[in-house]
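Here is the structure we will look at.
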Amino acid sequence: MAGKPVIKVAALCGSLRKGSYNRGLIRSAIDISEESIDGMQIEYVEASHLPMINTDLEVDGKFPSAVEEFRQNILQADSVIFASPEYNYSAAMWAGKAAAIVSAGGGFGGGVAQYHLRQIGVFLDLHFIDKPEFRVHAFQPPAKFDQEGNLIDPQAKERLKEVLLALHGFTLLLTGRA
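Okay, so the sequence shown: first residue is 1 according to the working numbering, each after it adds one.
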């Protein structure tokens with residue numbers, strides 16, 4: 001009878017600190033799996049050297065070697081474990097700031113991403129304007145952007161201006177300068 005099937009687990013750490021406790025959790029998970037969990041292989045996948053998301057880096061279906069190696073490690077894994085730090089819910093430099101979200105994309109024009117960013121903003125203590133909302137359906141006619149990615153749609157520009165005016169007013173109110 002064969003042993004348990006081996007599952008491959010990619011371990012990712014959200015902390016870059018040299019003495020990171022979260023990195024320590026991953027090291028312990030690797031040790032524990034090697035010592036006492038038959039059929040589990042955990043591999044730490046380094047992510048600190050990855051560039052910001054940028055589709056311009058993709059050339060002929062390939063990404064830079066660091067990104068491609070990272071992608072392959074994740075694709076080859078059966079599951080993933082995240083070790084995530086928490087710093088006062090998140091990054092404190094955002095606390096108390098007024099904010100607006102604008103997005104361009106397909107489908108919902110980035111609306112789903114906006115919703116998630118609003119959720120994250122609660123714990124960052126970011127204060128988003130509620131209205132107007134701004135999403136551009138970038139791939140639906142008429143053209144909203146030119147070949148260089150510049151916004152050319154007059155109605156979208158006017159809506160963007162409304163967002164900026166709302167952000168301006170809300171920022172003045174929030175900072176006591178209204």
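Note that beta-carbon positions come from the ideal geometry of N, C-alpha and C, so glycine has one too.
As the structure is a computational prediction, the values presented were derived from the model and not from experiment.
Supposed close pair V163, V112 - CB separation, criterion 8 Å: The Cβ separation is near 18 Å, so there is no contact.
Could you check which residue in D38, I30 and C13 has the C-alpha nearest to that of K4? D38
Distance between L75 and E43 (C-alpha atoms, nearest Å): 13 Å
Select from G106, S15, A47 and K144 the residue whose C-alpha is nearest the C-alpha of L160. K144
Buried or exposed: L16, going by 16 or more other Cβ atoms within 10 Å of its Cβ? exposed
Leaving out five residues before and five after H49 in sequence, what residues of the same chain have Cβ atoms less than 7 Å from its Cβ? A66
Could you tell me the distance, in whole angstroms, from the CA atom of V6 to the CA atom of D78? 9 Å
Who does V102 pair with in a DSSP beta bridge? F134
Per DSSP, the bridge partner or partners of E162: Answer is none; E162 lacks a bridge partner.
7 Å Cβ shell around L172 - same chain, five flanking residues per side excluded: A178
What would DSSP say about M1, mapped onto helix, strand or coil? Residue confidence is low: M1 scores 46 on pLDDT, short of 50, so the model does not pin down where it sits. No coordinate-derived value is stated.
Locate the alpha helix (DSSP H) running through S79, then write down its first and last residues. No alpha helix (DSSP H) holds S79; the beta strand (DSSP E) holding it covers S79 to A83.
Between the Cα of D83 and the Cα atoms of E35, A47 and A166, which residue gives the shortest distance? First, the amino acid is wrong: residue 83 is Ala here, not Asp. Checking every option, the nearest Cα to that of A83 belongs to A47.
For Q119, count the other beta carbons within 10 Å of its own beta carbon; 16 or more makes it buried, fewer makes it exposed. Which is it? exposed
Short Cβ contact (8 Å threshold) for A11 with V45: yes
Kindly list the residues whose CB is nearer than 6 Å to the CB of A95, restricted to its own chain and excluding five residues on each side of it in sequence; keep chain order. D125
Local Cβ density within 10 Å of M1, reported as buried at 16 or more and exposed below that: Only weak support is given to the placement of M1: the predicted model assigns it a pLDDT of 46, under 50, and the question is left unresolved by the model.
Under a three-way DSSP split, which group does L167 fall into? helix
Note the first and the last residue of the continuous beta strand (DSSP E) segment covering A11. I7 to C13
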